[in-house]
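Chains as they are written, first to last, in my numbering: chain Y, 1 to 307; chain P, 308 to 627; chain E, 628 to 954.
Backbone N, C-alpha and C fix where the C-beta goes; we use that ideal spot for every residue, glycine too.
Note sheet for the following structure.
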Amino acid sequence: MGRYVIRRLLQMVPVFIGSTFLIFFMVYALGDPVAALFGDKAPDPATAARIREDLHLDEPLWKQYLLYMGAIFQGDFGTAFNGQPVTELMASAFPVTLRLTLVAIVIEIVVGITLGVVSGLKRGRPLDTGLLVLTLVVISVPTFVSGYLLQFLFGVKWGWVRPSVSSEARLDELILPGVVLALVSLAYVTRLSRTSIAENVRADYVRTAVAKGLPRHRVITRHLLRNSLIPVVTFIGADIGALMGGAIVTERIFNIHGVGYQLYQGILRNNAPTVVGFVTILVIVFLVANLLVDLLYAVLDPRIRYA
Amino acid sequence: MPEPDPYQNPKEAVAPTGAGGAMDLAMSEAETLERDGTGRPRSLWSDAWHQLRRNPVFLVSALLIVFLVLIAIWPQILTSADPLRCDLSKSQQGSAPGHPFGYDTQGCDVYTRTVYGARASITVGVCATLGAALLGSLLGGLAGFFGGWWDGVLSRVADVFFGIPVVLGGLVFLSVVTSSTVWPVVGFIVLLGWPQIARIARGSVITAKEHDYVQAARALGAGGGRMLLRHVGPNAVAPVIVVATIALGTYIALEATLSFLGVGLRPPTVSWGIDISNAAPQIRNAPHMLLWPAGALSITVLAFIMLGDAVRDALDPKLR
Amino acid sequence: MLLEVRDLYVEFRTRDGVAKAVNGVSYSVDAGETLAVLGESGSGKSVTAQAVMGILDTPPGRVSGGEVLFRGRDLLALKEDARRTVRGAEMAMIFQDALSALNPVLTVGDQLGEMFVVHRGMSKKAARARAVELMDRVRIPAAAERVGQYPHQFSGGMRQRIMIAMAMALEPALIIADEPTTALDVTVQAQVMELLAELRRELGMGLILITHDLGVVADVADRIAVMYAGRIVETAPVHDIYKAPAHPYTRGLLDSIPRLDHKGRELYAIKGLPPNLTAIPPGCPFHPRCPRARDVCRTDLPPLYRVSQDRRSACHFWEETVDASSA
């Protein structure tokens, strides 16, 4: 188990370097971070030169990257376009997005797994067929469409919730955005748990459990669910990172000042430190989430733990 | 040891719509029932085709896709108007004779723009899928077939691309690589899409390689290239087709999302994503501006995902 | 009589129509008796057992007629809840492939102990102690240490012993063993079979042994029922059948066992394939493969003819079959 963790950690290193370098390359080599700072105005040569030096833009790209990463690991993410340190932006943005992601994940787990289990147990019945069609439709409607639609219906037409989220971004305000963010993943979780349940329900060990004379609820919760949910748990774990990255659309629709909002501003203004800094953190979140999923997988499935 | 796939991709998770649960005879007796009337098992592909022809999901989605492709090529079939000719005085007006979907903020005919929007979506979807599928199956196939360090390097490179959140990557990449054509968007989707296909191709090549008849061919001295083309390739192709079809739908959605965020396609290209983005702030006053392109987009994505789903059902007999 | 199956019918809905898996099967087992049910795959031997246990997959399966009398009660008439308390406690089942029949994510101790927790209301701790005893009893070495291990950490033979231990846990009156040794290495097969027979003797249980392996049957069974296309075609005491089968199908099965004293001769195989259960041939279902088939076999379904006091055969020409065999 220990060796397994170490190997996964080592495998993460090149992926981390590759992903962050790719983003770094796109922002610093393909774009022009200095010109962007001045917008439409012509850059003042002295200021431009100072900024170039601050950002090490005269060095070769690999050296810029190393210097940047070196600074990051000392907690220095550079400054945003308005002179604020990027870390300050992060401190205000990440908790908001984290809350949003949390709401989405909870919805995904509770609703997705419940629907999937019901559907899988009633395989082939009208309820199952209906749910399958519904999940396909949900997967097909892009988040920005369903976001505006739900915002319009719940926020404007029926007035059940406020159409946009306040700057505090309280949990109750985040329920509707959370639903929007979770929607597509929710459909995948439903389908995945349904398939998994439907496959496992005919498994020999379930038949054994029935033959042992266990009550139906015990067969389902103790024998069927535990096995069937292993792939679902992995999916949900890997989805945490994806959801945080994907929150950009949802945050834009509901005017939530989270990671997506800051990143979007950073990209629009081509503010290199903001963009690279935020993306780096997201890549780390993504990789750590995946590592945790692997470990969780090993905890849930003894065949991997003892392999 | 079996290693869990850490990035289990959502697209792989699309489950089949159980075409018929009745064949689930989880008993040895089922063997005797699997033969068709002639007592001879059908081949995978002809069996799949036989199954598809009777599947309403397949028929509906295939018809829809044929229709969408036709209007993407010849939008004139459905409208004689010009999507770029607009009349500001008609801004945000509702439907009128000859203009069933009304007008958008610029006073352009929503119906005409919705029809013309198919072209951008289908072009991006088809080109990006072809690109990703070719690149992915080539690299993944080679990695699976030869294994070794080549496999290791490729897997790590694929991991790198998996490590970048798609929409974020798109924002960054497309905000610096700008053009009024569809190619940067297509290029970006291929760039982030190929690892998914490569993974599938690699997996199915490895599975196909283990088949007894491939082992037998190898024992008889069949060379590497010949093996790959004649024996392994055809068997590895089915899963790639399924995943690519479903991916096509999600690529169309991705293009619309990027256009919505202002970094995908750019005017004067007519795109559902752009129109939805323009319509969104006006949803209170003129919801029709949003509903039509959004509906067209969703139905297009749905058609491809349903098609992929139906094909997967047909090609995966054990889930039937 | 411990168990009496009367005129049992089971069918399955399939894509190609209704598959008639079991068509009027009757058999019985007494306490302390071992009945071997013999047949190819598709003969309905496992489905009958599943119907007796009440673990058919429904749908697509359905018991469409008959009675299963266990200690005098008709199990098919019981409510599911009452039936459940019978399963595991009064009759238990051993499956073919222990690796897939045991839950991969629970320890063997949990799975064994579960029997005591659910049926006897024991505490987890007490149940675990009983699990260790059981493992000892089926002669798994170092039971106390291994009780916390998972199925995949055991060898095939050890896993099957765990299955047996699980079936014996509550000392049921009847055990149904569905091909208990088929998935095992030949060397382990005999040990497992011996263990099963020994425990059956000690606890005085009835045993239904489902198998396609005639070699296994000869040593342990008291009586044999041969099944074909969902029907019993012959039933007899074990030595009678080996001496002179009264049905051409049984004859075919016996002839297809490789025998050392027939070395050099061509191995016999029954020609043709078992019938498609959605379209069982009219008349005697075996007639397309039968060397003795005549016109009457194509039209008339043979009843179970009485061959002797405890012997039946569903062949119109059982007499000449017996004669030919004993000759």
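For the 9 angstroms CB-CB criterion, L665/E and S653/E do not form a contact. In the three-state reduction of the DSSP assignment, I590/P falls in the coil class, being assigned neither a helical nor a strand state. Look at A526/P here: in three-state DSSP terms it is helix. For E168/Y, there is no enclosing alpha helix (DSSP H), since its DSSP letter is neither H nor E. Around L683/E, the same chain offers Q677 as residues with beta carbons nearer than 6 angstroms, after the five sequence neighbours per side are excluded. In terms of beta-carbon proximity, N650/E stays away from the interface with chain Y, with every pair separated by 9 angstroms or more. Each residue's CA atom was taken as its position, placing T809/E and Q780/E some 20 angstroms apart. Assignment of beta-bridge partners to K647/E by DSSP yields E638/E. Following the DSSP letters along the chain, one finds A617/P inside the alpha helix (DSSP H) bounded by residues H595 to L622. Linking V117/Y to K870/E through their CA atoms gives a straight-line distance of about 55 angstroms.
Taking 9 angstroms as the cut-off, the Cβ atoms of P929/E and S670/E do not count as close.
The secondary-structure analysis by DSSP pairs G833/E across a beta bridge with L801/E.
DSSP places Y654/E within a strand segment (E or B) once states are collapsed to three. According to DSSP, residue pairing for L662/E in a beta bridge involves I835/E and R850/E.
A Cβ-Cβ separation of about 5 angstroms places W501/P in contact with A439/P under the 8 angstroms criterion.
CA-to-CA, the gap between G260/Y and F722/E works out to about 55 angstroms. If you compare the alpha carbons of R698/E, E631/E, D657/E and E717/E with that of G213/Y, the shortest gap goes to E717/E. Given a length threshold of 4 residues, each whole run of the alpha helix (DSSP H) inside the stretch 433 to 498 of chain P is given here in chain order: 455 to 469 and 473 to 483. For the stretch 138 to 165 of chain Y, no residue has a beta-carbon sitting nearer than 7 angstroms to a beta-carbon of chain E. Boundaries of the alpha helix (DSSP H) harbouring G70/Y: L61 to F73, taken from the DSSP string. Identification of residues in the stretch 211 to 243 of chain Y having a C-beta nearer than 9 angstroms to some C-beta of chain E yields A211, K212, G213, L214, P215, R216, R218, R222, H223, R226, N227 and I230, given in sequence order.
In the structure shown, M628/E adopts coil according to DSSP, grouped into three states. By the CB criterion at 9 angstroms, V649/E and G857/E fall inside the cutoff. Two segments are said to touch when three or more pairs of C-beta atoms, one from each, lie closer than 8 angstroms; by this definition the stretch 780 to 790 of chain E does not touch the stretch 694 to 706 of chain E.
Counting only residues of its own chain and dropping the five nearest sequence neighbours on each side, A93/Y has a CB closer than 6 angstroms to the CB of G258, V259 and Q262.
Residue range Y932 to S935 is occupied by the beta strand (DSSP E) that includes V934/E. For the options G602/P, F567/P, L572/P and P575/P, the alpha carbon positioned closest to that of N585/P is the one of F567/P. With a contact defined as Cβ atoms closer than 8 angstroms, I504/P and G602/P miss out at about 29 angstroms. With fewer than 16 other beta carbons inside 10 angstroms of its own, N255/Y counts as exposed. Between P575/P and the set L371/P, S486/P, H595/P and L446/P, the nearest pair of CA atoms involves S486/P. With fewer than three CB-CB distances shorter than 8 angstroms, the stretch 554 to 561 of chain P does not count as touching the stretch 121 to 128 of chain Y. Judged by beta-carbon spacing, S511/P lies beyond the 9 angstroms limit of A554/P, meaning their Cβ atoms are not closer than that value. Bounds of the beta strand (DSSP E) holding S940/E are R938 to S940. In terms of Cβ geometry, M795/E and A848/E do not form a close pair [threshold 9 angstroms]. Against R269/Y, chain E offers no close residue; the least beta-carbon distance is about 51 angstroms (beta-carbon pairs closer than 8 angstroms). Using a CB distance cut-off of 9 angstroms, P14/Y counts as an interface residue toward chain P.
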